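The listed protein sequences derive, respectively, from chains A and B. Just so we're aligned, residue 8 is where the first sequence starts under our numbering, counting upward by one. Just so we're aligned, residue 8 is where the second sequence starts under our numbering, counting upward by one. Beta carbons are placed, not taken as given, at the ideal position from N, Cα and C, and that holds for glycine. Note that the structure is a prediction, hence the values are computed from the model and not measured. First up is the structure itself, then whatever we jot down about it.
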Amino acid sequence: MDWTALALSLQLAVWTVAILLPVSILLGRFLAFRQFRAKPLVEALVMLPLVLPPTVLGFYLLVAFGRNAPIGQAWEALFGGPLVFSFAGLVVASVIFNLPFAVQPAQRGFQAIPAEVREAAACCGMSPWRSLWKVDLPLAWPGVVTAMVLTFAHTLGEFGIVLMVGGSIPGETRTIAISIYDRVQAFDTGSAAVMSAVLVAISLVTIVVTFALSARVGRRLG
Amino acid sequence: MRGLEVMARAHAPIPLDVALSVAPGELLALVGHSGSGKTTILRTIAGLWRPAEARVRVDGVAWLDTGAGVNLAAHRRRVGVVFQNYALFPHMTAAQNVMAAMDRACAVEAARILGLVNLTGLGNRKPAQLSGGQQQRVAVARALARRPQALLLDEPFSAVDRATREKLYGEIIALRAHLRMPVVLVTHDMNEAQLLADRMAVIETGRIVREGPTAEVMADQDALRAMGIREVAVMLPATVAAHLPDGLTRLEAVGGPLFLPGITGAPGTRVRVRILAHEVIVARTRPEGLSAQNIIAGTVARIVPGAGPAVMVHIAVGAHEILARITRRAADQLALKPGDPVHAILKSMSVARNHVALAPDRPGDPALPGT
């Protein structure tokens with residue numbers, strides 16, 4: 008059992024959720040309520056990581072993070088270390104490949120709020136910001152929570168992009184999914200089985216708890 | 008100028024070309040079929056929609072002036088809106104809904120306003136735990152909690168059953184004694200407009216086809232052609248005299264007693280009875296051996312020809328008028344002319360119970376002609 012890898016995976020998931028939570032709320036709400044010409048394009052870009060093979064996304068990120076690319080150079084100039092094959096690089100990659108999971112459910116959550124209710128908030132004198140806290144979020148939060156749970160669980164399970172961008176450096180980029188792969192390569196099926204079971208258990212518990220929670224909220228609001 | 012002034016012009020999404028004003032304390036009903044643009048006018052006032060060319064001024068201050076580039080956001084306009092389906096915040100209690108519209112949330116004030124709309128003690132209920140009528144009252148309370156400079160009611164009675172609606176009419180009429188701001192009511196129900204409004208504007212495809220005091224508009228056959236000529240009616244003031252054992256109520260009206268069914272209200276209560284012109288029969292002499300219970304003596308004031316085979320006979324009864332829509336043929340046979348004494352006959356059962364409303368507790372009842 009590779010505890011370091013598990014800890015790294017959980018750390019990566021927490022960072023990803025922390026960064027994507029405001030993105031999920033603001034971008035989800037923006038896409039739910041605003042109509043503009045480029046909206047289909049923006050929505051497509053957000054969804055793209057879902058349909059691209061992880062190797063394709065991983066390849067582009069690897070190139071973009073590299074020492075010869077502007078992003079990689081800027082990062083190195085700012086923080087002194089390379090973005091590829093680092094934990095920071097994993098976090099950035101994770102944020103990007105989780106965009107569809109973080110934005111879509113939140114957007115659906117905001118879209119489910121009747122237009123009249125949002126107009127009523129404005130007619131009650133609430134500024135858009137106040138309306139977000141008092142009306143939009145309380146009504147859309149099951150969607151936002153679903154988004155964050157999916158992001159968390161998906162980060163724990165992502166393999167291809169992590170391998171492309173991070174490689175398998177113990178304590179830095181070797182997540183539990185990578186570790187399982189390494190164990191299988193080394194014919195250590197016993198460890199692989201234990202770690203796989205742990206991953207299944209964590210993911211299952213996370214999702215069950217959320218669904219139970221949002222069902223309760225649904226009853227309360229219904 | 009005090010009150011509300013609106014001008015709006017647009018071609019899309021619906022054609023619109025209107026100008027209207029509402030004085031403080033006055034209730035203007037915008038009536039028209041769905042799609043006529045009446046709700047769009049309301050949304051323009053509230054700041055939820057901006058027509059191509061529009062001006063909205065409240066107490067002299069511009070909320071919207073497309074020419075001058077003024078467009079106050081909806082949340083900066085001191086406006087109270089009661090939406091058609093109420094649009095209550097489902098996650099808040101009734102009291103929290105009311106407090107959400109206050110500049111500084113105050114539970115005591117919320118309870119006071121909920122009391123105004125007869126919801127004392129229900130402040131802790133969520134909207135889902137309230138009946139349709141109670142939800143409507145919360146919506147009214149929330150709109151008032153905003154301390155609005157203009158109160159906008161968008162078909163506020165359309166989502167409740169008929170019995171509740173009658174009760175809510177009475178409550179709105181009573182509540183108006185407390186209101187000092189201009190009120191705009193959007194409705195397609197002519198009875199509702201006649202019961203509640205001081206003035207009416209009939210809207211057709213985005214234009215005002217007739218605007219004026221309710222009694223005048225409701226007596227105008229041409230104005231009401233689109234809304235249904237059978238809606239032409241007057242409001243006759245009366246006082247509840249006695250509830251009879253057979254279920255009828257005797258009312259004292261200007262031209263004599265009226266016997267009507269299903270009226271509540273203690274003896275002495277002042278009410279107004281909506282009498283539809285097409286339900287009134289005209290007789291030269293007081294008829295005998297007739298089943299109809301209500302025979303009101305009056306004088307022919309004038310006879311207005313309509314577009315079809317009917318004429319509108321205006322019968323003066325004291326300071327008031329009753330309208331009778333009869334065929335031109337009948338008017339000719341009776342040889343009716345202004346000044347003739349006649350009797351207006353009305354079946355008790357032809358007055359629906361929701362056509363009887365409490366008289367507003369205010370001087371100068373604007374719904375009555377000649378006062």
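| Asked | Found |
| --- | --- |
| If you count every other CB in all the chains shown that lies within 10 Å of the CB of A/V207, and 16 or more means buried, which is it? | exposed |
| What residue does the alpha helix (DSSP H) around B/E238 start on, and which one ends it? | Where B/E238 is concerned, there is no enclosing alpha helix (DSSP H), given that its DSSP letter is neither H nor E. |
| For B/V167, which of helix, strand or coil comes out of DSSP? | coil |
| Can you tell me whether B/H185 is buried or exposed? The criterion is at least 16 other CB atoms within 10 Å of its CB, across all chains shown. | exposed |
| Leaving out the 5 sequence neighbours to the left and right, which residues in its chain are closer than 6 angstroms to B/L160 when beta-carbon positions are compared? | V89, L192 |
| Compute the Euclidean distance between the alpha carbons of A/P89 and A/V205, then round it to the nearest angstrom. | 32 angstroms |
| Beta-carbon within less than 7 angstroms of B/Q300's beta-carbon, same chain only, minus the 5 sequence neighbours each way: which residues are those? | F266, S355 |
| With DSSP collapsed to three states, give me the class of B/P220. | strand |
| Could you tell me the distance, in whole angstroms, from the CA atom of A/Y188 to the CA atom of B/G54? | 59 angstroms |
| To the nearest angstrom, how far is the alpha carbon of A/F66 from that of A/F166? | 13 angstroms |
| Have a look at A/I26 and A/V102 and give me their C-alpha separation to the nearest angstrom. | 7 angstroms |
| Is the separation between the beta-carbon of A/G150 and that of A/A113 shorter than 8 angstroms? | yes |
| CB B/A101 to CB B/L151, shorter than 8 angstroms? | no |
| Identify which residue in B/H250, B/P58, B/R149 has its Cα closest to the Cα of B/M14. | B/P58 |
| Under 8 angstroms, Cβ to Cβ, is there at least one residue of chain A near B/P373? | Residue placement at B/P373 is flagged as unreliable, the pLDDT there being 40, under the threshold of 50; the coordinate-derived value follows with that caveat. Chain A contact via Cβ: absent. |
| Assuming the contact rule is C-beta atoms closer than 8 angstroms, B/R293 and B/I303 should be a hit. Round their C-beta distance to whole Å, please. | With a Cβ gap of about 10 angstroms, B/R293 and B/I303 do not count as contacting. |
| Beta-carbon of B/V287 versus every beta-carbon of chain A: anything under 8 angstroms? | no |
| So, for A/F72: in the same chain, excluding its five sequence neighbours on each side, which residues have a beta-carbon less than 7 angstroms away from its beta-carbon? | I78, G79, L90, V91, G96, V172 |
| Determine the direct distance from the alpha carbon of B/L129 to that of B/V216, and round the result to whole angstroms. | 43 angstroms |
| How would you call B/Q340, buried or exposed, if buried means at least 16 neighbouring beta carbons within 10 angstroms? | exposed |
| For a contact meaning CB atoms closer than 9 angstroms, what does B/R153 contact in chain A? | C130, C131, G132 |
| Does the structure place the segment 208–215 of chain B close enough to the segment 40–56 of chain B that three or more beta carbon pairs sit under 8 angstroms? | yes |
| For the segment 12–22 of chain A and the segment 181–201 of chain A, state whether three or more C-beta atom pairs, one from each stretch, are separated by less than 8 angstroms. | yes |
| With 9 angstroms as the C-beta to C-beta threshold (strictly closer), list the residues of the segment 74–92 of chain B near chain A in chain order. | A80, A81, H82, R83, R84, R85, V86, G87, V88, F90, Q91, N92 |
| Taking 8 angstroms as the CB-CB limit, is A/P121 close to chain B? | yes |
| Look up B/L265 in the DSSP assignment and say whether it is helix, strand or coil. | strand |
| Where does B/D110 land, buried or exposed, given buried means 16+ other C-beta within 10 angstroms? | exposed |
| What residue range is occupied by the uninterrupted alpha helix (DSSP H) comprising B/R277? | Careful: B/R277 lies outside any alpha helix (DSSP H), inside the beta strand (DSSP E) at 277–283. |
| Which chain B residues sit within Cβ distance under 9 angstroms of A/V142? | F96, H98, M99, A107 |
| Is the separation between the beta-carbon of B/L202 and that of B/A359 shorter than 8 angstroms? | no |
| Pull up the distance between the alpha-carbon of B/R281 and that of B/P20, whole angstroms please. | 37 angstroms |
| For chain A, check one thing: does any of its Cβ atoms lie closer than 8 angstroms to the Cβ of B/R149? | yes |
| So with CB distances below 7 angstroms, who are the chain B contacts of A/P145? | H98 |
| When the Cβ atoms of the segment 114–132 of chain A are set against those of the segment 38–52 of chain A, are three or more pairs found closer than 8 angstroms? | yes |
| Whose C-alpha, out of A/V58, A/V53, A/V110, A/L57, is nearest the C-alpha of A/L33? | A/V110 |
| Is B/H250 helix, strand or coil by DSSP? | strand |
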